[in-house]
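Peer 1: Let me begin by handing over the structure; questions about it come next.
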Amino acid sequence: MKYIKQRLTAIYGETDAQKIWTSLKEKLLKAKQTHTKERKQRWDEKDLVLITYSDQFQEEGKPALATFEKVFDRYLADNFEIVHLLPFYPYSSDDGFSVIDYKKVNPIAGDWEDVEKLSKKTRIMFDYVCNHISAQSDWFKEYIKGSPEYADFFTEMEPDTDLSAVTRPRSTPVLTKFKMEDGSERYIWTTFSEDQIDLNFKNPNVLLKMIDVLLFYIEHGAEYIRLDAVGFMWKEIGTTCIHLEKTHQIIKLFRDIVEEVAKGTVIITETNVPHKDNISYFGNGSDEAHMVYQFPLPPLVLYTINRGDGSALTNWARNLQPAGDETTFFNFLASHDGIGLNPIRGIIPEEEILALVSDLKEEGAKVNYKKNPDNTQSPYEVNVTYLDALNKRADDDDLRMKRFLSAHSILLSLQGVPAIYIQSILGSRNDYDGVVKTGMNRSINRQKYGLDEIETELTKPGTLRSKIYRELTNIIQTRKAEALFHPDVPMEVLDKGEKIFALKRGYDSQNSLTIIHNIANEQVDFQFSGEFVNIITGEEMTFVDTITLDPYQFLWLKSIN
90 MKYIKQRLTA IYGETDAQKI WTSLKEKLLK AKQTHTKERK QRWDEKDLVL ITYSDQFQEE
150 GKPALATFEK VFDRYLADNF EIVHLLPFYP YSSDDGFSVI DYKKVNPIAG DWEDVEKLSK
210 KTRIMFDYVC NHISAQSDWF KEYIKGSPEY ADFFTEMEPD TDLSAVTRPR STPVLTKFKM
270 EDGSERYIWT TFSEDQIDLN FKNPNVLLKM IDVLLFYIEH GAEYIRLDAV GFMWKEIGTT
330 CIHLEKTHQI IKLFRDIVEE VAKGTVIITE TNVPHKDNIS YFGNGSDEAH MVYQFPLPPL
390 VLYTINRGDG SALTNWARNL QPAGDETTFF NFLASHDGIG LNPIRGIIPE EEILALVSDL
450 KEEGAKVNYK KNPDNTQSPY EVNVTYLDAL NKRADDDDLR MKRFLSAHSI LLSLQGVPAI
510 YIQSILGSRN DYDGVVKTGM NRSINRQKYG LDEIETELTK PGTLRSKIYR ELTNIIQTRK
570 AEALFHPDVP MEVLDKGEKI FALKRGYDSQ NSLTIIHNIA NEQVDFQFSG EFVNIITGEE
630 MTFVDTITLD PYQFLWLKSI N
């Protein structure tokens, strides 16, 4: 407990820390006594995460979480140990990330009983949208009324304040004008949109309220907690207002709290930024996030397969330092958001990033742009399903699936815990109707399905969905059965030429796994020898001098002693 108080003092100083300490201490003691769910104390090779919306599958007259549970039981439970339920709270925009009430379940999804029922079958990741809250929330409504309790809950700023140094993830203004109930006007900090009001963590009472939310999630079964947009939490005029030291101190405080209250709860930071900044959220390796998203991976794998050249991916992966004994990477290719481009700036030349974006747009992808300090715009995110991102519209389904499975072999073989987006395991294509319906580019990769519709497509032989689901499931099951894929097992990236991405997992040559990918649309030969078993097919394979791989073929080869 003393470390938590010390952390509060580091953030606010002794006087303000003391003001909230007594109340916080009581909350922590109560939470420690009331949470009952046992938590796994360490990740392993069996841990795969499914990223999904709570209302992903729907039946008329039934809560969506109950329908999701049916699909999960029938098709997904054997593959995924953890389910990341994207925000399932009442919301006003951004498909859940503008939360109206942190402690309620969206009636479309169900109620807390439905969440609890699912949590008995799988571990659940909750979204902790800690940077901002909906303009429709009671908190903000009370602020607009002039309620003293909420007077400093949000960051007010004079409209002529120089905010040119502030890092902008969107092209929208930093400040949004709101009219108070008394008729006065206030300009409020809104990092992401006018409906997403940034919380003012300089007010200790805001932190106390948000810790209450964090403890509420733990008490309701959250075993993984994703800190959404967490890099923007602390504001200091004249700085970039991202990755500030006080932000890191707050995350370390969250880590201290979960370690005290429910050890085994995993903190994951979502910071879609260049790698050096991203891994800073590991702290010293034991005092901040347990996991960070591996944000360069989605655009790097896409770039690699798009060009048929693995040089950039190989160079990046070879220089990737191990996360540490108490931390690991959260690897993914697709998510509810688009494919972020900022994490590969500095890895890939800008002209090649722009060329990639141009190619993707020509094939039907949507693109979101950010505003630069000089008022120019740069693409920051490509909106597309990962299946369509890897392929051209004219490609046949056989080629489409080969590229897709090869990309996911890379994902599943890298050091870390892998996560797969629901649209990927379903083999989904771009949803242009969704874009038209919502007016949002991100809707292209957020399609929802009726239960009968999706079950028909998954079980109908020969459909692209059923083939991708079946083949990807086979690869996942192989990974879960192989101890050398434990996130802590060392990884060595091999240099086998620009058409190959290869790596080795293991401790020595007698106990190792070599994973080889041909990332080009042509047959490739290279020098390779040894006796192995392909753990995906069970086939024993002997190579004397040379190995030949077909286009996009990949092999998981375990050494035979």
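The sequence shown maps to residues 90 to 650 in my numbering. Here a beta-carbon is modelled for each residue, glycine too, at the ideal position from N, C-alpha and C.
Can you tell me which of the three DSSP states M580 falls into?
Peer 2: If you number the sequence shown from 1, residue 580 lands on position 491. Note: M580 maps to strand in three-state DSSP.
Peer 1: Residue ranges of each beta strand (DSSP E) run of no fewer than 3 residues wholly in the segment 463-526, ordered along the chain?
Peer 2: Segments of the beta strand (DSSP E) lying fully in the segment 463-526: 466-472 and 506-510.
Peer 1: With respect to the alpha helix (DSSP H) encompassing I605, which residues constitute its N-terminal and C-terminal limits?
Peer 2: The residue labelled residue 605 in the question sits at position 516 within the sequence shown. I605 -> not in any alpha helix (DSSP H); beta strand (DSSP E) instead, spanning N600 to N607.
Peer 1: Quick check on G185: does DSSP put it in helix, strand or coil?
Peer 2: As a first step, residue 185 must be located in the sequence shown, where it is residue number 96. Three-state DSSP puts G185 in a helix.
Peer 1: Which first and last residues belong to the alpha helix (DSSP H) in which S555 is found?
Peer 2: Taking the first residue of the sequence shown as 1, we reach residue 555 at position 466. Looking at the DSSP string, the run of the alpha helix (DSSP H) that includes S555 is L553 to K569.
Peer 1: Buried or exposed for M269, going by 16 or more other Cβ atoms inside 10 Å?
Peer 2: By 1-based counting over the sequence shown, the position of residue 269 is 180. Looking at its Cβ environment, which holds fewer than 16 other Cβ atoms inside 10 Å, M269 is exposed.
Peer 1: Using DSSP with H/G/I as helix, E/B as strand and the rest coil, what is K459?
Peer 2: Start at 1 with the first residue of the sequence shown, and residue 459 comes out as number 370. If DSSP states are grouped into helix, strand and coil, K459 belongs with the strands.
Peer 1: Alpha carbon to alpha carbon, how far is F290 from K114? Give it in angstroms, no decimals.
Peer 2: Translated into the one-based positions of the sequence shown, residue 114 becomes position 25. Translated into the one-based positions of the sequence shown, residue 290 becomes position 201. Each residue's alpha carbon lies about 19 Å from the other.
Peer 1: Considering N395, what are the terminal residues of the alpha helix (DSSP H) in which it resides?
Peer 2: As a first step, residue 395 must be located in the sequence shown, where it is residue number 306. Segment L386 to R396, the alpha helix (DSSP H) holding N395.
Peer 1: How is F177 classed by DSSP in three states: helix, strand or coil?
Peer 2: Locating residue 177 in the sequence shown gives position 88, where the first residue counts as 1. In the structure shown, F177 sits in coil (DSSP, three-state: anything other than H, G, I, E or B).
Peer 1: Between W645 and the ligand GTP, is the CB less than 7 Å from at least one heavy atom?
Peer 2: With respect to the ligand GTP, the structure offers nothing, as it holds no ligand at all.
Peer 1: Which one or two residues does DSSP pair with F267 in a beta bridge?
Peer 2: Sequence index remark: in the sequence shown, residue 267 carries index 178 (1-based). DSSP output for F267 lists R275 as bridge partner(s).
Peer 1: Applying the criterion that 16 or more other CB atoms from any shown protein chain within 10 Å of the CB defines a buried residue, is N650 buried or exposed?
Peer 2: Your numbering for residue 650 matches position 561 in the sequence shown. The residue is exposed, with fewer than 16 neighbouring Cβ atoms inside 10 Å.
Peer 1: Exposed or buried, Y191, counting other C-beta atoms within 10 Å across all chains shown (16 or more means buried)?
Peer 2: Within the sequence shown, numbered from 1, the residue matching residue 191 stands at position 102. Burial call: buried.
Peer 1: In whole angstroms, what separates the C-alpha of M630 from that of F146?
Peer 2: Counted from its first residue, the sequence shown places residue 630 at position 541. Counted from its first residue, the sequence shown places residue 146 at position 57. Going by the C-alpha atoms only, they are around 42 Å apart.
Peer 1: Please return the same chain residues whose Cβ sits closer than 7 Å to the Cβ of S598, not counting the five positions on each side in sequence.
Peer 2: One-based indexing of the sequence shown puts residue 598 at position 509. Here the set comprises S648.
Peer 1: If you check the beta carbons only, do V506 and N373 fall under 8 Å apart?
Peer 2: Within the sequence shown, the letter at position 417 stands for residue 506. Within the sequence shown, the letter at position 284 stands for residue 373. No, the Cβ-Cβ distance between V506 and N373 is not below 8 Å.
Peer 1: What is the rounded straight-line gap between the Cα of M580 and the Cα of E470?
Peer 2: In the sequence shown, residue 580 corresponds to position 491, counting from 1. In the sequence shown, residue 470 corresponds to position 381, counting from 1. Spanning the two alpha carbons is a distance of roughly 29 Å.
Peer 1: Using only alpha-carbon positions, find the residue among S618, L646, N623 and K459 that is nearest to R259.
Peer 2: Translated into the one-based positions of the sequence shown, residue 259 becomes position 170. When only C-alpha atoms are compared, the closest one is K459.
Peer 1: If we ignore side chains and look at the alpha-carbon of each, how far apart do F161 and L573 end up?
Peer 2: In the sequence shown, the residue the question calls residue 161 occupies position 72. In the sequence shown, the residue the question calls residue 573 occupies position 484. One C-alpha to the other measures close to 27 Å.
Peer 1: Can you tell me whether I331 is buried or exposed? The criterion is at least 16 other CB atoms within 10 Å of its CB, across all chains shown.
Peer 2: Position 242 of the sequence shown holds residue 331. It counts as buried.
Peer 1: What does the alpha-carbon distance come out to for the pair E312 and V138?
Peer 2: Along the sequence shown, one-based indexing puts residue 312 at 223. Along the sequence shown, one-based indexing puts residue 138 at 49. Straight-line Cα distance between these residues: approximately 12 Å.
Peer 1: Evaluate contact between the segment 392-405 and the segment 584-600, counting only Cβ atoms and requiring at least three cross-stretch pairs below 8 Å.
Peer 2: Yes: the two stretches touch, three or more of their Cβ pairs being nearer than 8 Å.
Peer 1: Excluding the 5 residues preceding and the 5 following W110 in the sequence, name in chain order all residues of the same chain whose CB lies nearer than 6 Å to its CB.
Peer 2: Here residue 110 corresponds to residue number 21 of the sequence shown, with the count starting at 1. Counting only Cβ-Cβ distances below 6 Å, and skipping sequence neighbours, we find K94.
Peer 1: Could you tell me whether the Cβ of D584 comes closer than 8 Å to any Cβ of chain C?
Peer 2: Protein chain content of the structure displayed is limited to a single chain, and chain C is not contained in it.
Peer 1: Just the C-alpha distance for V172 and M214, rounded to the nearest angstrom, thanks.
Peer 2: If you number the sequence shown from 1, residue 172 lands on position 83. If you number the sequence shown from 1, residue 214 lands on position 125. Roughly 6 Å separates the two Cα atoms.
Peer 1: Hey, how far is the Cα of D414 from the Cα of S495?
Peer 2: Position 325 of the sequence shown, counting from 1, holds the residue named residue 414. Position 406 of the sequence shown, counting from 1, holds the residue named residue 495. Near 29 Å, if we compare the C-alpha coordinates of S495 and D414.
Peer 1: Return the Cβ separation of E560 and E134 in integer angstroms, given the expectation that the two are a contact with Cβ distance under 8 Å.
Peer 2: Within the sequence shown, numbered from 1, the residue matching residue 560 stands at position 471. Within the sequence shown, numbered from 1, the residue matching residue 134 stands at position 45. Rounded, the Cβ-Cβ distance is 20 Å, inconsistent with contact.
Peer 1: Return the chain-ordered list of same chain residues with a C-beta closer than 8 Å to the C-beta of T567, the five sequence neighbours on each side being excluded.
Peer 2: By one-based count along the sequence shown, residue 567 stands at place 478. So the list reads I624, I625 and W645, once near-sequence residues are dropped.
Peer 1: Taking the alpha carbon of Q130 as the point to measure from, which residue in L303, K298 and T354 has its own alpha carbon closest?
Peer 2: Within the sequence shown, residue 130 is the residue found at index 41, counting from 1. Checked all of L303, K298 and T354; the closest Cα to Q130 is T354.
Peer 1: As an exercise, report each continuous beta strand (DSSP E) stretch of at least 3 residues that is fully enclosed by the segment 105-174, in chain order.
Peer 2: Counting whole runs of 3 or more residues, the segment 105-174 contains the beta strand (DSSP E) stretches 138-141 and 171-174.
Peer 1: For a test of the three-state rule: what should DSSP assign to W645, helix, strand or coil?
Peer 2: Locating residue 645 in the sequence shown gives position 556, counting from the first residue. Strand at W645.
Peer 1: My assumption, with CB atoms under 8 Å, is that V613 sits in contact with G595. Please give the rounded CB distance.
Peer 2: The residue labelled residue 613 in the question sits at position 524 within the sequence shown. The residue labelled residue 595 in the question sits at position 506 within the sequence shown. Incorrect: roughly 24 Å between the Cβ atoms, too far for contact.
Peer 1: Does M380 pass the burial test, meaning 16 or more other C-beta atoms within 10 Å, or should it be called exposed?
Peer 2: As a working mapping, residue 380 is identified with position 291 in the sequence shown. Its Cβ being crowded by 16 or more others within 10 Å, M380 is buried.
Peer 1: Starting from the C-beta of L97, find all residues in its chain whose C-beta is less than 6 Å away, skip the five residues before and the five after it, and write them out in chain order.
Peer 2: In the sequence shown, the residue the question calls residue 97 occupies position 8. The answer, listed in chain order, is A106.
Peer 1: Between S517, T562, F493 and L288, which lies nearest to P640 when the distance is taken from Cα to Cα?
Peer 2: Translated into the one-based positions of the sequence shown, residue 640 becomes position 551. With distances taken between Cα atoms, P640 lies closest to F493.
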